[in-house]
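The structure appears right after this line, and notes come after that.
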DNA sequence: CTGTTAGCGCGTTCAT
DNA sequence: ATGAACGCGCTAACAG
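Residue numbers (the working numbering), protein chains in the order written: chain A, 1 to 370; chain B, 1001 to 1370.
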């Protein structure tokens, strides 16, 4: 069998606890003993058993990260933010992908709770409170990311969806568009709702009648974007611009537009939430309201680690990160030429951190590229 | 604290083992006892502790999947194949991303061995044998995917890189190209080598002099493709076609070509290994030799599960999956129009499975779309 | 049908 | 500076 701490001890002629002290650099061990132990470890290829250690400590030093779409660069970037900060603090991260499927998400939750992960960073598949309540019922810390979950007291890190949508829509309005369709995500997800709200506020502010609003809901993926865009293209009069509620919706919409023989931005302007990596080779390059994905992951992990070390206030906290407008070719509003605008570095500014009842959504922090 | 099996037992007025039997549906339990136990479980929100169970069983029912680039749809599809089959067999999968970094890979290996995962599906970051040897030294089953690791006896599932590259290059030759550059991956990775070999064989078969060969090595990502393509574009005479050794290299190459004001396929034809999802919105849609990513993951998992149940032969096995040529617009060889060819369903045929010394690489199984 | 005993591998506590 | 005993939560093997 694979060697245990006892096998190593025997071979080194010491007690198991001495091996433990060598492995963990704890307590006193004489040089002589240490060397004999290290030799034995090497000889036997001893690998300590984390299971036993965790059982003893009642701590696994593992965090769970649950995202809704691992194929979206936005979420892999968030994941990197989580993982980097977690690793720097001696935690491992288990990454789980729910594909926006609540059943799959709940299966994962069960498994992860059974594995006794120390904490959760959760991007909820839906707005239901139960999943969060389940975690909290086990006294395991959890931080929610991106999407609000009504009815629970929980830390959350999200972006300023409403403000970003407002900025993007206003940009289109300033370019003269009057028929702008919103291609949004599932109706029961807060970001989809808030981005539509921002879109509506912009139209309202521009003095457009409520009838000017055209909102489509679909899934947050290229298929959803394709479907809603096709529906929007069938409107009479045809919209002259699309506001897509995330990057993948925009990618699908772009395909739909090109498929019916129209051009972006000449025939239909296109803007969206979330950035797309430059190499993604979407052409024309997209005008976006970009979220700081990496920081989002980092910030969520920071809140989680605070809870784990009991340095956190008891009240739930809400962190709202600003978004940044990048005007590029797809909206027809870029200043120069046709070459892809290089990716603008993310803003260093953080959103406001508010505690308890004094939550203040950050709205005007959003930056514009003139 | 979180309740244990003993707390439940006490509340239900039974012994811990009875609770265990209820939870695991093992052994005999009277209806009355079962109901009292279930009530107690619900009351206490009891969640069994997998750590303790695993310690007892010396089995975790967890598989590790280590891939080199989680942002590439090819690998996420492989991952889905692994996960689906693993889940169907009662295993959970821990997905780890090495970013082609051997150090990161080895860190993961250590952690995962300490966690006592039951098996590994490994896409090696490099060709070094040590990582595989490390796993095997712990008597943990491992199946290697995609890239050969010389010097070790290990199950491997890979695609027919040489044959696929040959087909793609021949396709370009048949279209009349005589200056074809190969944009490949890192020189020390078997797939990069074999794809160059297939490219060379095609040129040789066409009677072209060795001087016609132009090979560039870079990383397997858009940046690598961009860099090698820029270098290739500087050649005199300029190549009229590119063979890219994977999808992301092609994406980067496409960008490079467009950036210097040339068009694909009119000025430079482009073909590549691996497919790209239709929604990826690369335009023009790529001519590819597509690997059966999902089957690759499934097949690897199947081999691994066999080893875990001791149903496998002792000798290492090699499975070579065929690749399928999809001729689309980027090579200039598509038959009809300019609309993107819909993704052709993956072939159902499997590659040959060979055992021990009788390995036979599958070469001619590759299908062509005429 | 149910319970008792014992041990999986490790590290804290308290001696020596 | 080193070790013995105990227990983390769970379940196989054996009573009863």
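Ideal Cβ positions, reconstructed from N, Cα and C, are used throughout, including at glycine. Since the structure is predicted, the reported quantities are computational estimates derived from the model, not experimental observations.
**OP:** Would you list, in sequence order, the uninterrupted alpha helix (DSSP H) runs of no fewer than 4 residues that lie entirely inside the stretch 1215–1272 of chain B?
**Re:** 1222–1233, 1247–1259
Subject >> Validate contact between the stretch 1077–1084 of chain B and the stretch 1048–1057 of chain B using beta carbons, cut 8 Å, 3 pairs >> reply: Result no; under three Cβ-Cβ pairs closer than 8 Å.
Original post:
Taking a cut of 7 Å between CB atoms, which residues from the stretch 1091–1104 of chain B lie near chain A?
Top reply: Answer set for the stretch 1091–1104 of chain B: 1092, 1094, 1095.
Subject >> Endpoints, alpha helix (DSSP H) assigned at residue 74(A) >> reply: For the purposes of this step, residue 74(A) is taken as the residue at position 74 of the first chain. That run of the alpha helix (DSSP H) goes 73–88.
Original post:
Within 7 Å (strictly less), CB to CB, does residue 1324(B) reach chain A?
Top reply: Position 324 of the second chain holds residue 1324(B). For residue 1324(B), the answer is no, since every Cβ of chain A falls outside 7 Å of its Cβ.
Subject >> Neighbour list for residue 1045(B) in chain A, Cβ cutoff strictly below 9 Å >> reply: Within the second chain, residue 1045(B) is the residue found at index 45, counting from 1. Per Cβ cutoff of 9 Å: 134, 137, 138.
**OP:** With DSSP as the reference, please indicate the residues paired to residue 155(A) in a beta bridge.
**Re:** Locating residue 155(A) in the first chain gives position 155, where the first residue counts as 1. Paired residues: 143(A).
Original post:
Among 206(A), 180(A), 209(A), 174(A), which residue has its Cα nearest to the Cα of residue 216(A)?
Top reply: Taking the first chain and counting its residues from 1, the one referred to as residue 216(A) is at position 216. That would be 180(A), whose Cα lies nearest to the Cα of residue 216(A).
Original post:
Going straight from the alpha carbon of residue 96(A) to that of residue 70(A), what length do you get?
Top reply: Sequence index remark: in the first chain, residue 96(A) carries index 96 (1-based). Sequence index remark: in the first chain, residue 70(A) carries index 70 (1-based). Cα to Cα, the separation comes out at about 8 Å.
Original post:
Pick from 137(A), 114(A), 152(A): whose alpha carbon is nearest that of residue 128(A)?
Top reply: As a working note, residue 128(A) is residue 128 in the first chain. Of 137(A), 114(A), 152(A), the residue nearest in Cα terms is 152(A).
**OP:** Please name the residue or residues paired with residue 97(A) in a DSSP beta bridge.
**Re:** What you label residue 97(A) is simply residue 97 of the first chain in a count that begins at 1. For residue 97(A), which the question treats as bridged, DSSP gives the partners 67(A).
Original post:
Using a beta-carbon distance cut-off of less than 7 Å, what residues from the stretch 1060–1086 of chain B approach chain A?
Top reply: 1070, 1071, 1073, 1076
Subject >> Within chain A, partners of residue 1048(B) - CB distance below 8 Å >> reply: Working through the second chain from its first residue, we reach residue 1048(B) at position 48. Within chain A, the residues near residue 1048(B) are 114.
Original post:
Using the C-alpha atoms, what's the distance from residue 202(A) back to residue 173(A)?
Top reply: For the purposes of this step, residue 173(A) is taken as the residue at position 173 of the first chain. For the purposes of this step, residue 202(A) is taken as the residue at position 202 of the first chain. Going by the C-alpha atoms only, they are around 8 Å apart.
**OP:** Between the Cα of residue 312(A) and those of 188(A), 330(A), 301(A), spot the shortest distance and give me the residue it belongs to.
**Re:** Translated into positions along the first chain, residue 312(A) becomes position 312. That would be 301(A), whose Cα lies nearest to the Cα of residue 312(A).
Original post:
What residues from chain A crowd round residue 1186(B), counting only those whose CB sits closer than 8 Å?
Top reply: Your numbering for residue 1186(B) matches position 186 in the second chain. Here the premise fails: no neighbours, minimum Cβ distance about 18 Å.
Original post:
Any chance the stretch 263–278 of chain A sits against the stretch 137–144 of chain A, with 3 or more Cβ pairs inside 8 Å?
Top reply: no
Subject >> Among 258(A), 196(A), 207(A), 235(A), the one whose alpha carbon lies nearest that of residue 218(A) >> reply: Residue 218(A) sits at position 218 when you count from the first residue of the first chain. Out of 258(A), 196(A), 207(A), 235(A), 196(A) has the C-alpha closest to the C-alpha of residue 218(A).
**OP:** Would you list the one or two residues that DSSP bridges to residue 1092(B)?
**Re:** Numbered from its first residue, the second chain carries residue 1092(B) at position 92. Among the bridge pairs identified by DSSP, residue 1092(B) is matched with 1062(B).
Original post:
At a cut of 8 Å, does the stretch 1002–1022 of chain B reach the stretch 9–25 of chain A through at least three beta carbon pairs?
Top reply: The way I'd put it, the stretch 1002–1022 of chain B doesn't touch the stretch 9–25 of chain A; fewer than three beta-carbon pairs between them come closer than 8 Å.
Subject >> Terminal residues of the beta strand (DSSP E) in which residue 1121(B) lies >> reply: Sequence index remark: in the second chain, residue 1121(B) carries index 121 (1-based). Unbroken beta strand (DSSP E) run through residue 1121(B): 1119–1122.
Subject >> Endpoints, alpha helix (DSSP H) assigned at residue 1165(B) >> reply: Sequence index remark: in the second chain, residue 1165(B) carries index 165 (1-based). 1161–1174 is the span of the alpha helix (DSSP H), which, as asked, contains residue 1165(B).
**OP:** Step through the CB atoms of chain A and report whether any lies within less than 7 Å of the CB of residue 1052(B).
**Re:** As a first step, residue 1052(B) is located in the second chain; it is residue number 52 there, counting from the start. Yes, contact with chain A.
Subject >> Of the listed residues 204(A), 26(A), 8(A), nearest to residue 42(A) (C-alpha basis) >> reply: Position 42 of the first chain, counted from the start, is the residue given in the question as residue 42(A). Residue 8(A) is the option with its Cα nearest to residue 42(A).
Subject >> Local conformation of residue 1305(B) per DSSP, three classes >> reply: Start at 1 with the first residue of the second chain, and residue 1305(B) comes out as number 305. Correct three-state label for residue 1305(B): helix.
Subject >> Same chain only: Cβ atoms within 8 Å of residue 307(A), ignoring 5 sequence neighbours per side >> reply: Residue mapping note: residue 307(A) aligns to position 307 of the first chain, counting from 1. Excluding positions up to five away in sequence, the list reads 119, 141, 143, 155.
Original post:
DSSP beta-bridge partners for residue 1180(B)?
Top reply: Here residue 1180(B) is taken as the residue at index 180 of the second chain, counted from 1. Beta-bridge pairing links residue 1180(B) to 1241(B).
**OP:** Could I get the ranges of all uninterrupted beta strand (DSSP E) runs contained in the stretch 3–58 of chain A, with 3 residues as the minimum, in chain order?
**Re:** none
Original post:
Is the distance from the Cβ of residue 326(A) to the Cβ of residue 288(A) below 7 Å?
Top reply: Looking up residue 326(A) in the first chain gives position 326. Looking up residue 288(A) in the first chain gives position 288. Yes; because the gap between Cβ atoms is below 7 Å, this pair is in contact.
Original post:
If you run the structure through DSSP and keep just helix, strand and coil, what is residue 1196(B)?
Top reply: Counting from one through the second chain, the residue named residue 1196(B) turns up at place 196. Looking at residue 1196(B) - three-state DSSP - the assignment turns out to be helix.
**OP:** Return the residue from the list 1122(B), 1005(B), 1205(B), 1183(B) that minimises the CA-CA distance to residue 1222(B).
**Re:** By one-based count along the second chain, residue 1222(B) stands at place 222. For the residues 1122(B), 1005(B), 1205(B), 1183(B), the minimum Cα distance to residue 1222(B) belongs to 1183(B).
Original post:
Quick one: Cα of residue 253(A) to Cα of residue 245(A), how far?
Top reply: Within the first chain, residue 253(A) is the residue found at index 253, counting from 1. Within the first chain, residue 245(A) is the residue found at index 245, counting from 1. Going from the Cα of residue 253(A) to the Cα of residue 245(A) covers about 11 Å.
Subject >> Three-state secondary structure (DSSP) of residue 1340(B) >> reply: Within the second chain, the letter at position 340 stands for residue 1340(B). Because the pLDDT at residue 1340(B) is just 37, under 50, the model does not fix this residue reliably, and the value given afterwards should be weighed accordingly. In the structure shown, residue 1340(B) sits in coil (DSSP, three-state: anything other than H, G, I, E or B).
Original post:
Nearest to residue 1238(B) by alpha carbon, out of 1225(B), 1214(B), 1248(B)?
Top reply: The residue given as residue 1238(B) occupies position 238 in the second chain. Answer by Cα proximity: 1214(B).
Original post:
Do residue 1114(B) and residue 1162(B) have their C-beta atoms closer together than 7 Å?
Top reply: The sequence position of residue 1114(B) within the second chain is 114, counting from 1. The sequence position of residue 1162(B) within the second chain is 162, counting from 1. Their beta carbons are not under 7 Å apart, which means residue 1114(B) does not touch residue 1162(B) by this criterion.
Subject >> Short CB-CB distance (under 7 Å) between residue 55(A) and chain B >> reply: Here residue 55(A) is taken as the residue at index 55 of the first chain, counted from 1. Chain B, which has a Cβ nearer than 7 Å to the Cβ of residue 55(A), makes this yes.
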